Amino acid sequence: MLTKDYRDVLKQTTIPILFISGELPPLFPTQLTDYYVQTAKHAKSFLAKGSGHLPYAESPDETNLVLLDFLQENGNS
2 MLTKDYRDVL
12 KQTTIPILFI
22 SGELPPLFPT
32 QLTDYYVQTA
42 KHAKSFLAKG
52 SGHLPYAESP
62 DETNLVLLDF
72 LQENGNS
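Now the structure itself:
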């Protein structure tokens, strides 16, 4: 069981972060992902439409394009 609050760590993180999740049903509530993106300095999120728990397998083409774009944008970080 997680007993430590790591939100302050997220606020201090400066590395690029990409949160990838599916919408059917979301493993993490959209509000939680939105909070992470607003809290971390260099964070983005991608919600795979029509995907469930495994957007990498259920929407691989779309997910891979988003991941490649993110890596290209942050390749020098």
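Numbering (this note's numbering), first residue to last: 2 to 78.
Where is the CB? At the ideal position from N, CA and C, for every residue including glycine.
Computed from a prediction, not measured in an experiment: that's the story for all the values here.
query, result
"Can you find the residues in the same chain that come closer than 6 Å, C-beta to C-beta, to VAL67, ignoring five residues on each side of it along the sequence?", "PHE47"
"If we ignore side chains and look at the alpha-carbon of each, how far apart do MET2 and GLU63 end up?", "Bear in mind that the predicted position of MET2 carries a pLDDT of just 48, short of 50, making it unreliable; the figure below should be weighed with that in mind. MET2 and GLU63: Cα-Cα distance of roughly 34 Å."
"Measure from the C-beta of THR40 to each C-beta in chain D and report whether the shortest distance is under 8 Å.", "Of the chains in the structure shown, none is chain D; there is only one protein chain."
"With a Cβ-Cβ cutoff of 8 Å, do TYR37 and LEU11 count as a contact?", "yes"
"In angstroms with no decimal places, state the Cα-to-Cα distance between ASN65 and ALA44.", "17 Å"
"Give every residue of the same chain whose Cβ lies closer than 7 Å to the Cβ of LEU28, excluding the five residues on either side of it in the sequence, and list them in chain order.", "SER22, HIS54"
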